[in-house]
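Engineer: Encoded as structure tokens, here's the structure I'll be asking about.
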Amino acid sequence: TASRLLGKTVLITGASAGIGAATAVLFAKGGSNLILLARRADQLEKVAEAAYAAHRAASVQQGGQIVTVQLDVTDGSQVAALWSKVPPGLRAVDILVNNAGGAHGIDRVGDIQEKDVDTMFATNVLGLISLTQLLIKDFKSRNAGHIINLGSIAGREPYAGGSVYCASKAAVRAFTASLLREVVDTPIRVTEIQPGMVETEFSLVRYRGDKSAADKVYEGIRPLTAEDIAEEIVWAAARPPHVNIAEVFVLPVNQA
Ligand code: NDP
Numbered sequence: 112t113a114s115r116l117l118g119k120t121v122l123i124t125g126a127s128a129g130i131g132a133a134t135a136v137l138f139a140k141g142g143s144n145l146i147l148l149a150r151r152a153d154q155l156e157k158v159a160e161a162a163y164a165a166h167r168a169a170s171v172q173q174g175g176q177i178v179t180v181q182l183d184v185t186d187g188s189q190v191a192a193l194w195s196k197v198p199p200g201l202r203a204v205d206i207l208v209n210n211a212g213g214a215h216g217i218d219r220v221g222d223i224q225e226k227d228v229d230t231m232f233a234t235n236v237l238g239l240i241s242l243t244q245l246l247i248k249d250f251k252s253r254n255a256g257h258i259i260n261l262g263s264i265a266g267r268e269p270y271a272g273g274s275v276y277c278a279s280k281a282a283v284r285a286f287t288a289s290l291l292r293e294v295v296d297t298p299i300r301v302t303e304i305q306p307g308m309v310e311t312e313f314s315l316v317r318y319r320g321d322k323s324a325a326d327k328v329y330e331g332i333r334p335l336t337a338e339d340i341a342e343e344i345v346w347a348a349a350r351p352p353h354v355n356i357a358e359v360f361v362l363p364v365n366q367a
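So for the sequence shown, the working numbering puts the first residue at 112; every next one is plus one.
Shown next, in the form of structure tokens:
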């Protein structure tokens with residue numbers, strides 16, 4: 112399994128925290144190279160350090176090249192300029208992990224702020240589409256590649272107070288399923304990861320920085336960790352080339 116990650120180049124959006132950061136570290140441990148994107152450059156550097164350390168500790172001969180790029184996935188001009196910031200040796204990406212995203216507020220429909228609607232769709236949907244478009248032509252011309260999108264339980268089971276977030280993740284689900292069918296006659300693989308509750312900064316963002324409200328969400332449930340989801344992502348990437356994991360729906364044992 113691990114040998115299938117050796118020397119691969121993995122581009123991860125939202126790599127500065129949570130699931131994206133844990134995924135970066137796990138791919139580095141497996142001998143992959145990394146392109147890490149997020150808006151917080153200082154946080155990205157910390158993740159890169161952790162990934163270098165994981166790569167060194169694993170003593171694998173390949174991989175371990177890491178580039179961080181401060182980038183907002185909602186800004187088309189920043190996305191278009193990405194390759195100018197990536198060394199030529201890392202421009203042939205093997206795996207794209209479209210992970211940047213979040214829920215902004217937990218509000219009833221009549222109370223939702225327009226800016227939160229915009230942020231959720233711009234990040235979770237349009238950002239994911241824009242990175243996919245950036246990579247898909249290259250994947251097609253090289254007849255290779257794997258796109259792994261972060262959906263959510265929210266895209267399958269909408270809940271009150273989550274209308275826009277749930278709609279954004281349902282959009283991710285539909286987009287990913289369409290893409291899978293578009294590339295069915297190629298070796299390109301397409302995977303959607305649908306986590307249940309994962310303890311990350313996600314909850315803090317959803318409750319706009321109110322830590323006690325954010326923590327309350329996990330009462331009575333042992334949430335998944337970012338590492339749990341990273342393992343699913345890396346596992347899907349490490350399947351043999353003829354195996355496509357179309358979707359992974361993964362929940363804490365006490366969430367249904
Ligand atoms: P975190 O809030 O911990 O991490 C979100 C990441 O996305 C950060 O690295 C953040 O970095 C990045 N990000 C946010 N907006 C942008 C942007 N405009 N451009 C670039 N990067 C951005 O959340 P999680 O790790 O939990 O979430 C990761 C994914 O998993 C999301 O798509 C989320 O919807 C999904 N998910 C999470 C669940 C959970 O319970 N935690 C459950 C199901 C799905 P920065 O601020 O530096 O830009």
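All C-beta atoms in this analysis are idealised placements derived from N, C-alpha and C, irrespective of residue type, glycine included. If you're wondering where the values come from, they're calculated on a predicted model, not measured in any experiment.
With respect to 6 Å, is the separation between the Cβ of Asn144 and the closest non-hydrogen atom of the ligand NDP below this value?
Structural biologist: No, the Cβ of Asn144 stays beyond 6 Å of every heavy atom of the ligand NDP.
Engineer: Three or more beta-carbon pairs under 8 Å between the stretch 228-247 and the stretch 190-208, yes or no?
Structural biologist: Contact holds: three or more Cβ-Cβ distances are below 8 Å.
Engineer: DSSP beta-bridge partners for Pro306?
Structural biologist: Its beta-bridge partners are Val361.
Engineer: Helix, strand or coil for Asn209? Go by DSSP, reduced to three states.
Structural biologist: DSSP places Asn209 in strand when its eight states are reduced to three.
Engineer: Starting from the C-beta of Leu122, find all residues in its chain whose C-beta is less than 6 Å away, skip the five residues before and the five after it, and write them out in chain order.
Structural biologist: Here the set comprises Ile146, Val204, Leu207.
Engineer: Considering just the uninterrupted stretch of the beta strand (DSSP E) at Gln181, what are its terminal residues?
Structural biologist: Residues 177-181.
Engineer: For Pro269 and Arg167, what's the separation of their Cα atoms in angstroms?
Structural biologist: About 42 Å.
Engineer: Closer than 6 Å by C-beta to Phe360: which residues in its own chain qualify, once you throw out the five before and the five after it? Chain order, please.
Structural biologist: So the list reads Gln305, once near-sequence residues are dropped.
Engineer: Closer than 6 Å: is that where the CB of Met308 sits relative to any heavy atom of the ligand NDP?
Structural biologist: At least one heavy atom of the ligand NDP is nearer than 6 Å to the Cβ of Met308, so yes.
Engineer: Scan the stretch 196-284 and note each continuous beta strand (DSSP E) run of 3 residues or more that stays entirely inside, going in chain order.
Structural biologist: You should have 206-209, 257-261.
Engineer: Could you check how far apart the C-beta atoms of Ile259 and Ala347 are, in whole angstroms? I think they sit under 8 Å.
Structural biologist: Contact holds; Cβ gap of about 6 Å.
Engineer: Please classify Asn144: is it buried, with 16 or more other beta-carbons within 10 angstroms of its beta-carbon, or exposed?
Structural biologist: That one is buried.
Engineer: With DSSP collapsed to three states, give me the class of Ala161.
Structural biologist: Correct three-state label for Ala161: helix.
Engineer: According to DSSP, which residues form a beta bridge with Val301?
Structural biologist: BP columns for Val301 point to Ile258.
Engineer: Under DSSP, the beta strand (DSSP E) around Val171 begins and ends at which residues?
Structural biologist: Taken as a continuous stretch (DSSP letters only), Val171 belongs to no beta strand (DSSP E), as it is neither H nor E.
Engineer: I need the DSSP call for Ala149, collapsed to helix, strand or coil.
Structural biologist: Reduced to three states, the DSSP call for Ala149 is strand.
Engineer: Determine the closest residue to Ala337 out of Asn355, Val283, Leu261, Gly141, with distance taken between C-alpha atoms.
Structural biologist: When only C-alpha atoms are compared, the closest one is Leu261.
Engineer: Please state if the CB of Gly307 and the CB of Ile264 are separated by a distance shorter than 7 Å.
Structural biologist: Yes, the Cβ-Cβ distance between Ile264 and Gly307 is below 7 Å.
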